[in-house]
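Engineer: One structure, pasted below without further comment.
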Amino acid sequence: MIIFRDNYFFLEGLDISYIFRIDKAGYLVHCYMGKKIKAYPTHIVPERFYCWHSWGEDGVKLDEIAQEAPTYGHTDLRKPLISFGEKISVLKYKCHEIYKGKKPLDALPASLDALSDAQTLEITLYDSLNNVEVKLFYTVFESMNTIARHVEVINRAEGELTLDSCYSMCIDFEHSDFSETHFPGRWGFEREKVTNPVVRGTLDINNARGGSGHFMNPHVCLHSPDANEKSGDVYSFMLVYSGNHSTVIDTDQRMRTRVMQGINPFGFKWSLKKDEKFTSPENLITFSHEGFGGMSRFLHKFIRTNIVRGYWKEKPRPILINNWEATYMNFNEEKILSIASLAKDLGIELFVLDDGWFGKRNNDNCSLGDWYVNYDKLPSGIEGLAKKVTDMGIKFGLWFEPEMVSPDSDLYRAHPDWAIHAHGLKPAESRNQLVLDLTKKEVQDYVIESVVSILKKAKISYVKWDYNRYITDMPRQGFNHEYTLGMYHVTKCITEAVPEVLFEGCSGGGGRFDLGILCYMPQVWTSDNTDPIERLYIQYGTSFGYPTSTMGSHVTASPNHYTGRKPSMKTRGDIAISGNFGYELDITTLPQSDLDAIKKQVEECKKIRSLVQYGNFYRLSDPFTGNIGAWQIVNDDKSESFFCATRVMFKSNVYFPIIKLDGLEEGALYRDEYTGNVYSADELMYRGAFIEFPHGDFVTFTMLLKKI
Ligand code: DGJ
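Per my numbering: the sequence shown = residues 224 to 931.
This is the structure we're talking about:
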């Protein structure tokens, strides 16, 4: 609900209030954001004496004031939401509108109003110095604890206006009694959970590597220092964007905290001619008074409802087998068919042909961009192979890396200028490849045409969309945003051309795991690191922002190709089954005992995947701070729950650990389907469950609880 009364705006979601007002001079003053305030007669901020602040002719000292749309240089000298280079800007209220629903964002992915419970406040501010309009958008969802914000800047002046920075949101908190948690990483270890106290000064959690990145996920939480999984205030800030991003946490001399999130101003500039508009990406603010657990469950629900869309939105995801770690690029049709046929017998539903099927590609130094089949390897072509596989009764999926080109490719030889390059410099290679310049219409058209024509001709049900390097040699400031818009256009055209195909995003594993991608592709390959113990940390860290239905997780070979570890088939299966389940190993060489185990895992996954992929997620034990990681997923009516605990290292002569479960129905009895044991919910939640780990390192313990 959005109410406008006595110059105050009251925005209310499920259990969240966002309140701000228009002051006498026309500035937007932030009053409150957090747990719902049901009665709010006045907003009294005590007058504080503070010297060394400046005031303008309207008498206002903006440096003193919590603002919604700060600019730098006149009476506020903190970091600005928007800046027009050397031109000082003063933004004052002009008008506003409140309407049902929400408008789409120009050329950018954004959240939906899938439940038709959204209301939007659109405020127009005017800068009379520069003749510029700035619109602030706030969307509230009645049944969610998330508020969506974004900004539009429209140049009304005759001359050109240059935007130097345009964040998507700003909130000024009146104190700095916070810690922050964010999710940095690296290839093979994405979304590590890192917590720091908020200190005096500026923390800029950002990425300027072209995509949202392994290195820094666009998700940052500000929270009470003692917040845990069950209690404490947690404010989550997430960007619906896949390009360079920045989240600034800035504490000033009076220990107040300004938070802003949006496009990284580093390397950004945008020119606007008269009446041209710039639209920022959308930012999502989610609040929980019940700690990180509450925050994640609100966010997961929001993402499943308003970010993920299309045919696969609510469908259980197919169990797949991918040939990458089975064969890498060394395969032929016979090998592929042998894997697919055995997979079918084991109950697996989808076979995915990974990298190496096109051009002359037998290793990673050629052929990206040449999207035509290598008949030496696959004599029946993709159409023939897809038919043979689907005739076996298993679906067929295909790998692409649409945004890339190899210097050794027909495409590059024909169009060397289609690769991103700058100032006559030979562009830097990474994994022997270059990035196509998707700001160019002819390049976009080529990529769309070449991918869609294959998807339309062959029986393809799934696409893995890879992206395996950073973007270097960007020729101008603002290029990364132009690229990101071009990438979204290409992605939209391709995914809309084949609406029933399931797309899985990928970027050297989880290097582009963000809400922008999830608006087009309902799931993402979480990491190239498939060791279940490493995955325990990666999936645990990822779960803070993203629901299990978005995380690809596969059982791979032992010893693991990345780490050399040898966890059991059970451990590999239990961790992988906690996401979108699949396999990625050469099943044709496995002993019968492993094949029997796989058959059982596949049956198990089919039984529990709706619960696991669409249930409510509880983190119970943090592997980043201890030796055990544990999570639990409970369905909406609390009749079923899957629990999985993993012990990293065996410790000598200690008793069974006890872990308290969560989310069950108080007073109810539950039977563990795996052992037949009956427990009361209260005993599991208040006393805790004894975790009877098997002997050894790298072991798991699971329960499938059904209410009696
Ligand atoms: C990186 C991906 O993350 C892998 O799963 C695989 O698809 C390779 N690329 C193929 O080149």
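By construction, the Cβ of each residue, glycine as well, lies at the ideal position given by its N, Cα and C atoms.
Closer than 8 Å is the cut-off here; do at least three beta carbon pairs connect the segment 693–713 with the segment 392–407?
Structural biologist: Contact between the segment 693–713 and the segment 392–407 is absent, because fewer than three Cβ pairs lie under 8 Å.
Engineer: Quick one, are the C-beta atoms of residue 526 and residue 770 less than 7 Å apart?
Structural biologist: For residue 526 and residue 770, yes; Cβs fall inside 7 Å.
Engineer: Going straight from the alpha carbon of residue 316 to that of residue 713, what length do you get?
Structural biologist: C-alpha separation (whole angstroms): 37 Å.
Engineer: Give every residue of the same chain whose Cβ lies closer than 8 Å to the Cβ of residue 758, excluding the five residues on either side of it in the sequence, and list them in chain order.
Structural biologist: Here the set comprises 749, 750, 752, 776, 798 and 799.
Engineer: Can you name the start and end residues of the alpha helix (DSSP H) that residue 330 belongs to?
Structural biologist: That residue, residue 330, is in no alpha helix (DSSP H); it is neither H nor E in DSSP.
Engineer: Take residue 499 and list the residues in its own chain whose beta-carbon comes closer than 8 Å to its own, dropping the five residues that flank it on each side.
Structural biologist: Only 377 and 378 meet the Cβ criterion.
Engineer: Hey, would you say residue 458 sits closer than 7 Å to residue 510, going by beta carbons?
Structural biologist: Yes, the pair counts as a contact, with Cβ atoms nearer than the cut-off.
Engineer: If I follow the unbroken beta strand (DSSP E) through residue 387, where does it start and stop?
Structural biologist: Looking at the DSSP string, residue 387 is not in any beta strand (DSSP E), and its letter there is neither H nor E.
Engineer: Taking the alpha-carbon positions, what's the residue 754 to residue 848 distance?
Structural biologist: Rounded to the nearest angstrom, the two C-alpha atoms are 19 Å apart.
Engineer: Below 8 Å, can you find three or more Cβ-Cβ pairs linking the segment 684–702 to the segment 654–670?
Structural biologist: The answer is yes - the segment 654–670 touches the segment 684–702, with three or more Cβ pairs under 8 Å.
Engineer: Kindly list the residues whose CB is nearer than 8 Å to the CB of residue 533, restricted to its own chain and excluding five residues on each side of it in sequence; keep chain order.
Structural biologist: Excluding positions up to five away in sequence, the list reads 718, 722 and 745.
Engineer: When a residue counts only if its C-beta is closer than 6 Å to some heavy atom of the ligand GTP, which residues count, in chain order?
Structural biologist: Of the ligands one can find in the structure shown, namely the ligand DGJ, none is the ligand GTP.
Engineer: What is the DSSP secondary structure of residue 315, reduced to helix, strand or coil?
Structural biologist: Note: residue 315 maps to strand in three-state DSSP.
Engineer: Can you tell which of 629, 346, 587 and 672 has its C-alpha closest to the C-alpha of residue 547?
Structural biologist: Of the candidates 629, 346, 587 and 672, the one whose C-alpha sits nearest the C-alpha of residue 547 is 587.
Engineer: Please name the residue in 662, 615, 602 and 590 whose C-alpha comes closest to that of residue 628.
Structural biologist: Minimum Cα distance to residue 628 is reached at 590.
Engineer: Nearest-angstrom Cα distance between residue 434 and residue 686?
Structural biologist: Whole-angstrom Cα-Cα distance: 20 Å.
Engineer: Bridge partners of residue 803, per DSSP?
Structural biologist: Paired residues: 775.
Engineer: By the 10 Å Cβ neighbour count, where 16 or more other Cβ atoms means buried, how is residue 598 classified, buried or exposed?
Structural biologist: It is exposed - the Cβ of residue 598 has fewer than 16 other Cβ atoms within 10 Å.
Engineer: For residue 828, does the count of other Cβ atoms within 10 angstroms reach 16, so buried, or fall short, so exposed?
Structural biologist: That one is buried.
Engineer: How would you write the range of the alpha helix (DSSP H) that residue 715 sits in, first residue to last?
Structural biologist: Looking at the DSSP string, the run of the alpha helix (DSSP H) that includes residue 715 is 702–720.
Engineer: Could you have a look at residue 645 and say whether DSSP puts it in helix, strand or coil?
Structural biologist: Three-state result, residue 645: coil.
Engineer: In whole angstroms, what separates the C-alpha of residue 606 from that of residue 670?
Structural biologist: Whole-angstrom Cα-Cα distance: 19 Å.
Engineer: Are residue 463 and residue 341 closer than 7 Å when you measure CB to CB?
Structural biologist: Against a cut-off of 7 Å, the Cβ pair of residue 341 and residue 463 comes out as no contact.
Engineer: At least one CB of chain B closer than 7 Å to the CB of residue 282: is that the case?
Structural biologist: Of the chains in the structure shown, none is chain B; there is only one protein chain.
Engineer: Of all the options 585, 580 and 738, which has the alpha carbon lying nearest to the alpha carbon of residue 608?
Structural biologist: Checking every option, the nearest Cα to that of residue 608 belongs to 580.
Engineer: Inspect the CB distances between the segment 287–295 and the segment 251–258 and report whether three or more fall short of 8 Å.
Structural biologist: Yes, the segment 287–295 is in contact with the segment 251–258.
Engineer: Unbroken alpha helix (DSSP H) runs of length 4 or more, entirely within the segment 844–921: which are they?
Structural biologist: Runs of the alpha helix (DSSP H) inside the segment 844–921: none found.
Engineer: Contact between the segment 417–431 and the segment 733–743: three or more CB pairs below 8 Å?
Structural biologist: Counting Cβ pairs under 8 Å, fewer than three are found: no touch.
Engineer: Note the first and the last residue of the continuous beta strand (DSSP E) segment covering residue 735.
Structural biologist: Here residue 735 belongs to no beta strand (DSSP E), and DSSP marks it neither H nor E.
Engineer: Out of 890, 539, 558 and 482, which has the shortest C-alpha to C-alpha gap to residue 989?
Structural biologist: This structure does not reach residue 989, given that the chain is present from 224 up to 931, and the question cannot be answered.
Engineer: Have a look at 370, 432 and 541 and flag the residue whose alpha-carbon is nearest the alpha-carbon of residue 833.
Structural biologist: Cα-wise, what sits closest to residue 833 is 541.
Engineer: Would you mind listing the beta strand (DSSP E) stretches within the segment 242–289 that are 3+ residues and don't spill past its ends, in chain order?
Structural biologist: You should have 251–258.
Engineer: Could you check the C-alpha separation between residue 633 and residue 440 for me, to the nearest Å?
Structural biologist: If I take the Cα positions, the gap works out to 35 Å.
Engineer: Run through DSSP, which three-state label would residue 494 get?
Structural biologist: Strand at residue 494.
Engineer: Within its chain, find whatever has a CB closer than 7 Å to the CB of residue 617; leave out the 5 residues flanking it on each side and keep chain order.
Structural biologist: Taken in chain order, the residues that qualify are 563, 566, 567, 571, 572, 573 and 574.
Engineer: Find the nearest neighbour of residue 487 within the set 453, 790 and 387, judged by alpha-carbon distance.
Structural biologist: Nearest C-alpha to residue 487: 387.
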